[in-house]
Every structure is written in structure tokens, then in C-alpha cells.
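Quick notes on the structure that follows.
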Ligand SMILES: [Fe+2]
């Protein structure tokens, strides 16, 4: 069975069980309990109202609705367990006020509210790395932008505002490491975003690799992959598909096709063997999934996205546990190879980031 179907089915089942649990819990609130004294039927109807509102939320936005229900369900169970022990410790025999329910609702609202903010707000994450090779300059500053999924948390204008902020970091190189657009991206947002990239100024230019969403899965968006390519190139964005460029006669940017490419892609060995190994090598690879080959090839820095930093605690770690990704977030070093996996500047479908946050990365490299 497809792993995505399995995960989605498990979440749906969890939400269904959660809704049944919540229906029984709403009965404990005083106004609904008071109704039960007059009419049990009416009290069930009253308890059903908030459950139906949650169902409506799931119908309106299935993924985020299910996420909200599951969080409420889990927090409610914890609060009920805590409440049971506290009441027992105090010797309370009767529940007068159902504090557990109130606490569960409050915790869920605050927790997901923080997750919403972490998803929509964009932080700058800085890395300082040292190179074992000559760079031909005192400091090389690379700015990495990944997983913008234009149209998710911002459209073309929003992307342009983020670019204006990124411009202030005074980059030497700007790299886009995939999932720039999505199936739901509107053409006008794609065009506006490409213009914003065209307005960016850096010493060596802007480089781009495709992610698994960029070429479109469903064929329902109103532009083609070819049109995206044309807009990028028109705005001086260099698309790299299993290609390397030497910049300043001192360092390479090697852009890989995504591992989801239908007709495969070049191996790391094939990409690196024609290059001068004494030069610093930066690899752009959307998915963090080829670390051993990258270390073996002797590249110095690998920049990835795709994972969204795990998106939600605790399920975010599943990608790493299942072997789909070799790292979920942050910096890892193997020998002389550094890997950075960014949580991305936006999201895909899920509007909460818990245990992670949206970001762009500013990576400074100096001679070690
Ligand atoms: Fe991706």
C-alpha cells in the first residue's frame, strides 16, 4: 500500500475516533450537563453542535481540519488523565467544573496558533562554515531559498516582499533549491515571483534546481513547466539540471535534477568527475537523499530542502525513520562535506509548523 495513503488513512481514522471521544467529553461541560437533567436528547444535540462544527472545518479544509481535531483529541486525553489524578489526589468525587476540557481547548488553540505563526512568519537562519580549499575571496555568502510553493502562505507579491528583505543580506550567490511553485500556483503569481527574482542583485547571480512539485503532478494549473522555465530564464535565473558552473574561477555550483525525475538523473560521480577537485563545490539537490554518494564524490557543501523541517511534531521525523530523507533539518557534517537541510520559506497544504519554522538561510563560508 502506498505510504501516503496509509498515513492519510491513519490520520482520518484518528480524527474519527477523536470526534467520537470529543462528543462524549462535551457532555461534561456544566451547561450541557444541566440540560441532561431536563432532556437527554437535548443534551446530546448540544454536545453534537461543537462536533459538527469540527466536521464542517474538516469538510472546508480536510488536511488542516483533521490536524486540528487530532491535536484537540490528544491534548484532551492528556488533560483528562491529568485531571483524573489531580481530582483523586484532592479526594474530589464530583466534577463541578470541567477544567480539563477548558484546558484542552486552550492548549490546542495556543499550540496551533504558534504553529500558524511559525509557518507564515519567515526567519533568517545563519550558518558559518569554513572551507578547506581556497575560495578566491575572504568570504562567500550564499543565500538559500527553498520550498516557496508559491500560493501557499504567500503569492507573487508576498514573495517579492521576502526577496526585498533577502536582498538586504547582500548575497554573493542566491540559490533556489526546489519546490518553487506548486500544483495550486496561479500563473500571475509565478510570473510576479520570477520578476522578483530578476530584480535581485548578487555578485554571481541566481541559480535554480527543480523539486518534485515544480513540474506539476496533476496538470490542472494554468501554466506549464516550459512556461515556468521561460519566465525564470527571462529573469536571468540560471536553471541547473545535472550541470555545474564555475564561478570566480574558484568555486562550483552543481545543480542536480530532482530524484523524482521520470527519466533519472546523473550520479554524483558523473557530475563531479569532470571538475577540478581543488575548487570548492556546492551541490544543490532538492531532496536530502544521496548523502553517501555526495561525501564519496568529495563535494564541500550540499544544500537541500523538501522536508519542511518535518513540518509537524512528532510525525516530522517519519521521513527520516522511513529512510525517505537522510536528514530532516539543519546542519550535518560527514568528513569534509557539510549538508544543510532547510525547513523552507513556506509550506505545502498544512498551514502549521510545530517544532520547526519557516526560514531562508544565509551561509557564510570562509577559508579554514
Ligand atoms: Fe519537495
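In my numbering, the protein residues as written are 269 to 636.
Note that CB positions come from ideal geometry on N, CA and C, so glycine has one too.
Taking 7 Å as the cut-off, is the C-beta of residue 557 nearer than that to any heavy atom in ligand 1?
Translated into the one-based positions of the chain shown, residue 557 becomes position 289. Flag unset: Cβ of residue 557 not near ligand 1.
How long is the line joining the alpha carbons of residue 612 and residue 378, rounded to whole angstroms?
Walking along the chain shown from the start, residue 612 turns up at place 344. Walking along the chain shown from the start, residue 378 turns up at place 110. The alpha-carbon atoms of residue 612 and residue 378 are separated by roughly 23 Å.
If you measure from the CB of residue 615, is any heavy atom of ligand 1 nearer than 7 Å?
Locating residue 615 in the chain shown gives position 347, counting from the first residue. Checking the Cβ of residue 615 against ligand 1 gives no.
Residues near ligand 1, CB to any non-hydrogen atom under 5 Å, in chain order?
Going by the Cβ distance cut-off, the answer is 447, 479, 480 and 574.
Just grab the DSSP bridge partners of residue 409 for me.
As a position in the chain shown, residue 409 is number 141, starting the count at 1. Per DSSP, 632.
May I have a chain-ordered list of the beta strand (DSSP E) segments no shorter than 3 residues that lie completely inside the stretch 389 to 434?
Fully enclosed beta strand (DSSP E) runs of 3 or longer: 390 to 399 and 407 to 413.
Report yes or no: do the stretch 536 to 549 and the stretch 585 to 598 share at least 3 C-beta pairs separated by less than 8 Å?
Too few Cβ pairs lie closer than 8 Å, so no.
Let me know the secondary structure DSSP gives residue 448 once reduced to three states.
Walking along the chain shown from the start, residue 448 turns up at place 180. Correct three-state label for residue 448: coil.
Taking residue 627 as the reference, which of 521, 298 and 385 has the closest Cα?
The residue you call residue 627 lines up with position 359 of the chain shown. When only C-alpha atoms are compared, the closest one is 385.
Tell me where the alpha helix (DSSP H) around residue 286 begins and ends.
Counted from its first residue, the chain shown places residue 286 at position 18. Start and end: 271 to 294.
Determine the closest residue to residue 423 out of 272, 459 and 555, with distance taken between C-alpha atoms.
On the chain shown, position 155 is the one that residue 423 refers to. For the residues 272, 459 and 555, the minimum Cα distance to residue 423 belongs to 459.
Around the Cβ of residue 222, are there at least 16 other Cβ atoms within 10 angstroms (buried) or fewer (exposed)?
Outside the displayed range of the chain (269 to 636) lies residue 222, so it cannot be described from this structure.
Give the DSSP bridge partners of residue 331, in chain order.
Here residue 331 corresponds to residue number 63 of the chain shown, with the count starting at 1. Paired residue(s): none; residue 331 is not in a bridge.
Taking Cβ to Cβ, would you say residue 446 is nearer than 8 Å to residue 573?
Locating residue 446 in the chain shown gives position 178, counting from the first residue. Locating residue 573 in the chain shown gives position 305, counting from the first residue. In this structure, residue 573 lies closer than 8 Å to residue 446 by Cβ.
State the Cα-Cα distance for the pair residue 425 and residue 457, rounded to the nearest angstrom.
Taking the chain shown and counting its residues from 1, the one referred to as residue 425 is at position 157. Taking the chain shown and counting its residues from 1, the one referred to as residue 457 is at position 189. C-alpha separation (whole angstroms): 7 Å.
Let's see if you can read the secondary structure: which residues bound the beta strand (DSSP E) around residue 227?
Residue 227 lies beyond the residue range present for the chain, which begins at 269 and ends at 636; the question has no answer from this structure.
Taking the alpha carbon of residue 416 as the reference point, which residue from 431, 279 and 633 has its own alpha carbon closest?
Numbered from 1 along the chain shown, position 148 holds the residue referred to as residue 416. If we check each option's Cα against that of residue 416, 431 comes out closest.
Can you list, in chain order, the residues of its chain with a C-beta nearer than 7 Å to that of residue 463? Leave out the 5 residues immediately preceding and following it.
One-based indexing of the chain shown puts residue 463 at position 195. Contacts found: 503.
How many angstroms separate the CA atom of residue 327 from the CA atom of residue 595?
Within the chain shown, numbered from 1, the residue matching residue 327 stands at position 59. Within the chain shown, numbered from 1, the residue matching residue 595 stands at position 327. Roughly 34 Å between the two C-alpha positions.
Tell me which residue opens and which closes the alpha helix (DSSP H) that residue 248 is part of.
Any question about residue 248 goes unanswered here, given that the chain covers just 269 to 636.
Taking only the alpha-carbon atoms, compute the straight-line gap between residue 556 and residue 634 and give it to the nearest angstrom.
Here residue 556 refers to the residue found at position 288 when the chain shown is read from its first residue. Here residue 634 refers to the residue found at position 366 when the chain shown is read from its first residue. One C-alpha to the other measures close to 24 Å.
Where does residue 626 sit, in a helix, a strand or coil, going by DSSP?
By one-based count along the chain shown, residue 626 stands at place 358. Residue 626 falls in the strand class under three-state DSSP.
Is the stretch 473 to 480 close to the stretch 577 to 585, with three or more CB pairs under 8 Å?
Flag = no, the stretch 473 to 480 and the stretch 577 to 585 do not touch.
What residue ranges within the stretch 462 to 541 form continuous beta strand (DSSP E) runs of no fewer than 3 residues, ordered along the chain?
Runs of the beta strand (DSSP E) inside the stretch 462 to 541: 474 to 477, 505 to 507, 511 to 515 and 519 to 523.
Determine the contact status of residue 336 and residue 380, defining contact as a CB-CB distance below 8 Å.
In the chain shown, the residue the question calls residue 336 occupies position 68. In the chain shown, the residue the question calls residue 380 occupies position 112. For residue 336 and residue 380, yes; Cβs fall inside 8 Å.
Give the range of the alpha helix (DSSP H) segment to which residue 303 is assigned.
Start at 1 with the first residue of the chain shown, and residue 303 comes out as number 35. Per DSSP, residue 303 belongs to the alpha helix (DSSP H) from 298 to 306.
Hey, residue 341 and residue 286 are a contact pair by Cβ (cut 8 Å); roughly how many whole angstroms apart?
The count along the chain shown starts at 1 and reaches residue 341 at position 73. The count along the chain shown starts at 1 and reaches residue 286 at position 18. The pair is a contact, with the Cβ atoms about 3 Å apart (cut-off 8 Å).
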